[in-house]
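Q: Just so we're aligned: 568 in our numbering is position 54 of the sequence shown, and the numbers increase by one with no gaps anywhere. C-beta atoms are modelled at their ideal positions from N, C-alpha and C, and glycine is treated no differently.
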Amino acid sequence: VMEEGKGYKVKRIEVAPGKRLSLQLHHQRSEHWVVIAGTARVTRGEEVYDLQAGMSTGIAKETPHRLENPGKIPLEIIEIQNGPYLGEDDIVRLQDDFGRLRPIG
Numbered sequence: 515v516m517e518e519g520k521g522y523k524v525k526r527i528e529v530a531p532g533k534r535l536s537l538q539l540h541h542q543r544s545e546h547w548v549v550i551a552g553t554a555r556v557t558r559g560e561e562v563y564d565l566q567a568g569m570s571t572g573i574a575k576e577t578p579h580r581l582e583n584p585g586k587i588p589l590e591i592i593e594i595q596n597g598p599y600l601g602e603d604d605i606v607r608l609q610d611d612f613g614r615l616r617p618i619g
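See below:
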């Protein structure tokens, strides 16, 4: 976490080449991603697209999304979270390569 205040949090995230984060959504926050280095493959709802350094995208709350690195160098992004609640327990993982899915029910 680089900075945080009421209703916002700024994080630096690095994704190793060939790796991806979980497919997830949030009930309480939206996110904006800015690519600093590398190539980001973004899944946002039904869309899948690539972003290069200097490009950005927004993710609305309740939208399934994933970040992955299809490139050969580390992917570095700045993530700006915005919403009334920014806790880590507002992550609903729909698919996860690291076995972090929460049981439903």
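Could you give the residue range of the beta strand (DSSP E) that holds D564?
A: 561-565
Q: Evaluate R579 with the Cβ neighbour count: other Cβ atoms within 10 Å of its Cβ, from every protein chain shown; 16 or more gives buried, anything less gives exposed.
A: Sequence check: residue 579 is His here, not Arg. Classification for H579: buried.
Q: Would you please state the rounded distance, in angstroms, between the beta carbons of G521 and P598? I believe it to be under 8 Å.
A: 7 Å
Q: How do the region 556-576 and the region 607-614 stand: do at least 3 beta-carbon pairs fall below 8 Å, yes or no?
A: no
Q: Identify the residues that DSSP records as bridge partners of K520: which are they?
A: Paired residue(s): none; K520 is not in a bridge.
Q: Contact between the region 527-535 and the region 568-577: three or more CB pairs below 8 Å?
A: no
Q: Could you check if V515 is buried or exposed, using at least 16 other CB atoms within 10 Å of its CB as the buried criterion?
A: exposed
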